Amino acid sequence: MKQFAPACERNQDAILAVLKEILPDTGTVLEIGSGTGQHAAYFAARLPNLAWQPSDLDRMLPSIRAWAAEAGVPNLREPVVLDLCSDAWPMAAVQAIVCINTVHIVAWPTVEKLFANAGRALTTGGVMYVYGAYRYADRELEPSNEEFDRWLRERDPSSGLRDFEAVNGLAAAAGLRLRGDRAMPANNRSIWWEKA
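Going by my numbering, the first residue of the sequence shown is number 1, and it counts up by one from there.
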């Protein structure tokens, strides 16, 4: 049941460098949209002082468990079902939320729920981190991201690259202050906010 996503292997070191810089020294990290479980296993092993809580839809949990079993690290928790369309999250009072390559996959109303619920789940000073490709009002979209956006919308018209300004507006409405926006390899971005 263990699944593999090549993109996870390609981006894990660049993401880890940012996470080491911005995440708290201790506490619980809720990973939203853990997918295959590769990132959960990789990051938990390299951030041993943080309790890493993977989550996803029920169908992804067997793969997450397989990666966790192989990693064998004590700070990697049993994955939980988290449906972003629901207001009932399985966790509250977390110190960080990590959400990689999810915002452009789910529908916009789901992105709205993600940020509203993240604002409630994070403790004061908590960090919300997202990774992926975004559109910006003041710059042209890179050709590779234009093509990626087209591909996303062809497979599901409700998905696609999101406008940074709109996402940042959702974060602000949820009580999150923008703390960083960094260019990453392959025209992706690391963006993070802090709970006020």
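Virtual Cβ for every residue (Gly too), placed ideally from N, Cα, C. All values reported here derive from a predicted model rather than from experimental measurement.
Practice task
Taking 8 Å as the cut-off, decide whether the C-beta atoms of I97 and L61 are in contact.
Solution key: no
Problem - Beta-carbon contacts of N75 that lie in its chain and below 7 Å, excluding the five residues immediately before and after - result: A44, P48, L50, A51, W52
Problem - Distance cut-off 7 Å: A173 Cβ against heavy atoms of the ligand ATP - result: The ligand ATP is not part of this structure, which contains no ligands at all.
Practice task
Ignoring anything shorter than 4 residues or poking outside the segment 82-139, list the alpha helix (DSSP H) runs there in chain order.
Solution key: 108-121
Exercise for the section: Please say whether G126 and K20 have beta carbons closer to each other than 8 Å? Expected result: no
Handout entry: For A171, the first and last residue of its enclosing beta strand (DSSP E)
Key = Here A171 belongs to no beta strand (DSSP E); instead the alpha helix (DSSP H) covers 164-173.
Handout entry: Cα-Cα separation, V73 to A137
Key = 42 Å
Practice task
Express the C-alpha separation of G132 and R182 in angstroms, rounding to a whole number.
Solution key: 11 Å
Exercise for the section: Could you say if the segment 74-89 and the segment 1-20 meet the contact criterion of at least three C-beta pairs nearer than 8 Å? Expected result: no
Practice task
Provide the residue span of the beta strand (DSSP E) that contains D25, from first to last.
Solution key: Run containing D25: none; DSSP gives neither H nor E here.
Problem - Of the listed residues G180, R120, V18, nearest to Q95 (C-alpha basis) - result: R120
Practice task
Starting from P54, trace the beta strand (DSSP E) both ways and give me its first and last residue.
Solution key: 50-56
Exercise for the section: Assign M1 to buried or exposed, taking buried as 16 or more other Cβ atoms, counted over all protein chains shown, within 10 Å of its Cβ. Expected result: exposed
Practice task
Please decide whether A173 counts as near chain D, where near means a Cβ-Cβ distance under 8 Å.
Solution key: The chain inventory of the structure shown lacks chain D, comprising one protein chain alone.
Exercise for the section: Using three-state DSSP, classify A183 as helix, strand or coil. Expected result: strand
Handout entry: Span of the beta strand (DSSP E), counted from its first residue to its last, around E78
Key = Element bounds for E78: n/a, residue is neither H nor E.
Practice task
Starting from the C-beta of N117, find all residues in its chain whose C-beta is less than 6 Å away, skip the five residues before and the five after it, and write them out in chain order.
Solution key: W89
Exercise for the section: Could you tell me which of A107, G37, A17 sits nearest to P157, measuring between CA atoms? Expected result: A107
Problem - CA-to-CA distance, E140 to M91, given in whole angstroms - result: 38 Å
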